[in-house]
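For the sequence shown, this note's numbering assigns the number 12 to the initial residue and increments by one for each residue that follows.
All C-beta atoms, glycine included, are put in the ideal place defined by N, C-alpha and C.
Computed from a predicted structure; not experimentally measured.
One structure below.
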Amino acid sequence: MFDLNGQTAVVIGGARDLGYDMADILAAAGCDIALTSRDATKAEAAAEKLRAAHGCDVLSAALDICNHAQVTAFAEQVQAWRTSTDILVNNAGGGLNLQPTHFFDRDPEHIAQLVNTNLTGILYCCQAFGRKMAEGGSGSIINIGSIAGLCGRDRRMYEETGLPEQPIEYAAAKAGIIGATRDLAGLLSPMGVRVNAISPGGFERGQPQGFIHAYSQATPMGRMGQDGVDLKGAALFLASPASAYITGQNLVVDGGFTIWK
């Protein structure tokens, strides 16, 4: 049920962290991979790692997902490389290190940039690749949401540990991803294309120890997520025949953070 031999997976934002983890597990399950990064060098470095680890074919490309023409051209490039796309993982986004992060001090251009990167660009990718999947009558789209789209943050956790807080518009964009996933599933599922989302919680990546401790204490499982481990199974499940009757859902991978209040 988890065999993906002969399939092609596109991982948008697949050069590092959770994006690379998902590309890695899909390659291990038998996929050839097309992956993107904003930086062509980083995309190709990730591609080389996948080739060495799994012996798969990998197409790497630089992509600005906020540029509709670039997204459309990349979909055509993948179509020329492989006749069909079986899996699309929309992982691009993030906070982009745009500061200051407090809502009252936020630069309007930064607000627009974050929304475009975390929501509008994902819609462009769903449009370009979803059209091709619908034409072929099959496929699985996995959008990466966030628990930011499900619950408000306790800003004290950031203020007391010196970590820049999560921008309000990031939460707005991720909530938009979750909503768009459900409605896109309504559109595409009758055409044979499943659409689901994964909403990760916080992952440990060198944050101040005080923040890691505070976050872990607020999580039923007592820790933050771990790269290389905690998102791979969810991605493989939603990409594979194991979830063949699942569409329009948001799988929360957060160690229970959003249930414990």
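- List the endpoints of the continuous beta strand (DSSP E) containing P219. No beta strand (DSSP E) holds P219; DSSP gives it neither H nor E.
- Query: How should A108 be labelled, buried or exposed, when 16 other C-beta atoms within 10 angstroms of its C-beta is the threshold for buried?
  - Reply: Note that residue 108 is Asn in the sequence shown, not Ala. By the 10 Å Cβ count, N108 comes out exposed.
- Message: Give me the residue from P178, S157 and A58 with the minimum Cα distance to H113.
- Response: P178
- Query: Secondary structure at G106, three-state DSSP: helix, strand or coil?
  - Reply: coil
- What residues in its chain sit with their C-beta under 6 Å from that of A51, if we drop five residues either side in the sequence? A73
- Message: Contact between the segment 59-67 and the segment 34-44 is defined here as three or more beta-carbon pairs at a separation below 8 Å; is this criterion met?
- Response: yes
- Report all residues from its chain with a CB closer than 6 Å to the CB of N16; omit the five preceding and five following residues, and keep chain order. G41
- Message: I'd like the list of long-range same chain contacts for T131, defined as Cβ closer than 7 Å, with 5 residues on each side in sequence excluded.
- Response: C77
- Task: To the nearest angstrom, report how far apart A225 and L161 are at their CA atoms.
- Result: 19 Å
- Nearest neighbour of L242, chosen from I209, Q218 and F268 [CA to CA]: I209
- Between M232, G141 and G105, which lies nearest to N127 when the distance is taken from Cα to Cα? G105
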